[in-house]
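Numbering (the working numbering), first residue to last: 794 to 1102.
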């Protein structure tokens, strides 16, 4: 298993290890006949709701959702309205249309099939971090809400940067040598103009001069693709989320070695251990460098281009 996108939070809980066992009370239940969706915990693997390995706890949020497209409701509604107007001889009012749509949805929902989605999360008990395998804040909010309900004393806060990351990204693109140790520019970045027009440009080779020129014109980097320790390539956003996480050759070699191990459970736990260790090291490097550099005065010769994020 691997996390392709990541949102990172810090957490504190005095009684987490005793309370996390109570997650069974919030396990995923079948979606009620007239509900659009329902949430609950499901086992990340096999039967147990939590999976502990190498100082980490893996959990999984399950979402069971009834698939009833609005287009289906609209088609039934159109047919119903046409029949009523033919029968009555006058148009159906807007208020009645709304009620008819609700009635049709109520009738069709129990007949709709359910689709189950999963969202994995990793508690790093060494660094007190909660790492979610998503870049969607909406998806994360669903998991966090259920987590707070399941573990009442848990405190969860997003890991953020103390300064404007757009300015930091601009500085890295203008002065690649100023990148933190073990980091280098990768394949691309996203620039936004003052009118919020987004454009994607390559960060390397002949395009770099063009990007630097756009920064001087007032564009601002909102995302930048980086390589960490020659092991992971990822895109860092202003919100300090990680997108498009990709294993590079050194890490791929270790994954191939794990694939040669005997037994699926041994391979699974080895992959989780490797995943947790890599994300721990990457997050430590990102947060340590950003916090440390933000506390230092900027070198005027290397000041970032002034522009609005």
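Just so you know, even glycine gets a beta-carbon here, dropped at the ideal spot from N, CA and C.
Following the DSSP letters along the chain, one finds residue 1041 in no beta strand (DSSP E), marked with neither H nor E. With three or more CB-CB distances shorter than 8 Å, the region 1010 to 1026 counts as touching the region 972 to 991.
Rounded to whole angstroms, the Cβ separation of residue 1048 and residue 1025 is 12 Å, and the two are not in contact under 8 Å.
Out of 852, 1011 and 1005, the CA that lies nearest to the CA of residue 985 is found in 1011.
About 7 Å separates the Cβ atoms of residue 922 and residue 802, confirming a contact at the 8 Å cut-off. Here the alpha carbon of residue 808 sits roughly 20 Å from the alpha carbon of residue 820. Pairing residue 798 with residue 928 gives a Cβ-Cβ distance under 8 Å. In this structure, residue 938 sits away from residue 925, with a CB-CB distance that is not shorter than 8 Å. Contact between the region 842 to 856 and the region 905 to 923 is present: 3 or more CB-CB pairs across the two stretches fall below 8 Å. C-alpha of residue 1067 to C-alpha of residue 796: approximately 11 Å in a straight line. Here residue 897 really is in contact with residue 873; their C-beta atoms are around 7 Å apart, less than 8 Å. Take the alpha-carbon of residue 1064 and the one of residue 841: they are about 18 Å apart. The beta carbon of residue 936 sits closer than 7 Å to those of 854, 912, 914 and 925, all from its chain and outside the five residues before and after it, given in chain order. Contact between the region 860 to 867 and the region 941 to 952 is absent, with fewer than three C-beta pairs closer than 8 Å.
Residue 844 sits in a strand when the DSSP states are folded into three classes. Assigned with DSSP and collapsed to three states, residue 899 falls in helix.
Distance between residue 909 and residue 826, taken at the CA atoms: about 15 Å.
Annotation for residue 1013: the continuous beta strand (DSSP E) segment containing it runs 1013 to 1021. By the CB criterion at 8 Å, residue 988 and residue 812 fall outside the cutoff.
For residue 952 against residue 1033, the beta-carbon gap comes to about 6 Å, under 8 Å, which counts as contact. Residue 908 has 858 as its beta-bridge partners, per DSSP. DSSP places residue 932 within a helical segment (H, G or I) once states are collapsed to three.
Counting the other CB atoms within 10 Å of its CB gives residue 892 a total below 16, which places it among the exposed residues. According to DSSP, residue 949 shares a beta bridge with 804.
Residue pairing of residue 914 in beta bridges, as defined by DSSP: 852 and 925. Per DSSP, reduced to three states, the secondary structure at residue 795 is coil, with no helix or strand assignment.
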